[in-house]
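Numbering (this note's numbering), first residue to last: -7 to 539.
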């Protein structure tokens, strides 16, 4: 391949990667965490009062009494079939159903006491896992609209991401066979970082192409649907609504069928489907429908970890199987596969851990890509006989990389801990957002103030300590029950504490190794922060010889 073509693609790879890299680092790191959103939800949910759980034969009386006493529940409610640390009550609904989708929910829960009487109360859910998911979708870029503004930005970023992937592959083609899976470690650290960057990128190439393309679809699907409506479907609706036949009964609470009857009918048609919750939508309206969410590990599912079946709550008729695992039509199965490949909602916990490591490896690719650009500037100056002092734009890019990347890592950890220690002092959603953005912005400012070298060591160490606050919070809550924080002792939440402990220790070790490079490395590097040597301007040239 001609050298000028390689140079063009290398330039394209460099600049698309630089522009998109820091946002993608945040999205991939947060995305790795969202693979276990359920345990994160349970970890962050404050313990409530002991809730009287209800038996199956009490589900219908619970629903009917709730609908009679609380009209807002008629807009829709969820019946949880199993208790859990993050489940406030057997039946929950939003007391403010007319709210904007960007406003916080006002969840209420209902149960029956031992005398069969209705007991309702507001309860608090933790938005912490949703905050991390928001960072995954938007990289923390604020702004609302029909979708979060950051989603559109990340769609544009993913276009650059796809260009970076393709151009990077073209650059590597001439040496692909010879250098594949080779990581050369020696005095030339730039070569080591480049080899590691290339190996991780090449071995995960299909994953990154899939992520880039699916994010573009997720971000701009509304525009795609609008175009299809105008050019293809025209007068026909793009999405067919479920037809509701004449039920022969009035849609009133007294005529609702027992939920266990619906589940029994579903069991005959989908025996491997394991229901978890029943979402009643407009249960007293003409278009009343129950969406039953559940799991089937043998098939891909539409949601992050759930498939769905739509049923009529008055006839138990199965109305929609398009998202029921194993019963989708061919087109829907393709769509579900796209969602499942992005969310990792197949293969159980094993595939979730695979996606965790792929997400962290992706974050490494973007971070190392920026480091390589900085090192390339230094070597180019050296070859051209340029000054030893690195250019301002190089130092600014290095500082921004350090501040944004490690500020987001520390911000997530400290917002998790703050949510427990400061619980009740302010609205939970505001608390998590304030904690994250204060830490993130302070870290970015610190990196520019301290410079990239010292800033890298200090912020990586800070991120490590931030993650250690998560298990320390659990330990203190267990040892001293009077403290405001709490500890969940179920396996899932404890795994969150254990993972945070491991992350903190690994980051502290990374800070130690980074300090060695920063204080004892090349003196003309943007990362060098040690004592400057005394230079005899007439006789001494302290520049390194090119590797």
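Ideal Cβ positions, reconstructed from N, Cα and C, are used throughout, including at glycine.
Within a 10 Å sphere around the beta-carbon of residue 297 sit 16 or more other beta-carbons, which makes this residue buried. Residue 69 is bridged by DSSP to 85 and 272.
Between residue 275 and residue 248, the beta carbon gap of about 7 Å places them in contact (Cβ cut-off 8 Å). DSSP links residue 323 through a beta bridge to no other residue.
Of the residues 390, 496 and 462, the one whose Cα lies closest to the Cα of residue 411 is 462. Fully contained in the region 359 to 443 are the following alpha helix (DSSP H) runs of length 4 or more, in chain order: 384 to 413 and 420 to 442. Of all C-beta pairs linking the region 78 to 88 to the region 58 to 68, three or more are shorter than 8 Å, placing the two stretches in contact.
The criterion of a C-beta distance shorter than 7 Å is not satisfied by residue 24 and residue 406. The C-alpha of residue 99 lies about 11 Å from the C-alpha of residue 112. Residue environment analysis places residue 78 among the buried positions, since at least 16 neighbouring C-beta atoms fall within 10 angstroms of its C-beta. When the alpha-carbon of residue 430 is set against those of 399, 56 and 415, the nearest one is in 399.
The DSSP-derived three-state label of residue 7 is helix. Unbroken beta strand (DSSP E) runs of no fewer than 3 residues, entirely contained in the region 233 to 313, are found at 266 to 273, 281 to 287, 299 to 303 and 310 to 312, following chain order.
In this structure, the alpha-carbon of residue 206 lies about 16 Å from that of residue 12.
Short of 8 Å from the beta carbon of residue 323, and not among the five residues preceding or following it, lies no beta carbon of its own chain.
Secondary structure at residue 101: strand, using DSSP grouped into helix, strand and coil. Here residue 479 has 466, 469 and 470 as same chain residues with Cβ atoms under 6 Å from its own Cβ, once five neighbours each way along the sequence are excluded. Taking residue 434 as reference, the option from 455, 493, 414 and 415 with the minimal CA-CA separation is 455. Leaving aside the five residues that flank residue 385 on each side, none in its chain has a CB nearer than 8 Å to its CB. Leaving aside the five residues that flank residue 452 on each side, the residues in its chain whose CB is nearer than 7 Å to its CB run, in chain order, 398, 499, 502, 503 and 506.
Only residues of its own chain outside the window of five on either side were considered, and among them 43, 101, 102, 103 and 115 have a CB closer than 7 Å to the CB of residue 81, listed in chain order. Nearest neighbour of residue 7 by Cα position, chosen from 408, 389 and 196, turns out to be 389.
Minimum Cα-Cα distance from residue 162 among the listed residues 457, 70 and 1 corresponds to 1. Closest option to residue 242, judged by alpha-carbon separation, among 280, 213, 272 and 262: 280.
Under DSSP, the beta-bridge partners assigned to residue 111 are 103.
Cβ contact annotation for residue 487 (same chain, cutoff 8 Å, sequence separation greater than five): 28 and 31, in chain order.
The C-beta separation of residue 271 from residue 253 comes to about 17 Å, leaving the pair out of contact by the 8 Å criterion.
Rounded to whole angstroms, the gap between the alpha carbons of residue 144 and residue 183 is 36 Å. The beta carbons of residue 21 and residue 355 sit closer together than 7 Å. Here residue 140 carries a coil assignment [DSSP, helix/strand/coil]. Counted as a single uninterrupted DSSP element, the stretch harbouring residue 116 is not any alpha helix (DSSP H), since DSSP gives it neither H nor E. Rounded to whole angstroms, the Cβ separation of residue 289 and residue 340 is 5 Å, and the two are in contact under 8 Å. The C-alpha of residue 485 lies about 21 Å from the C-alpha of residue 335.
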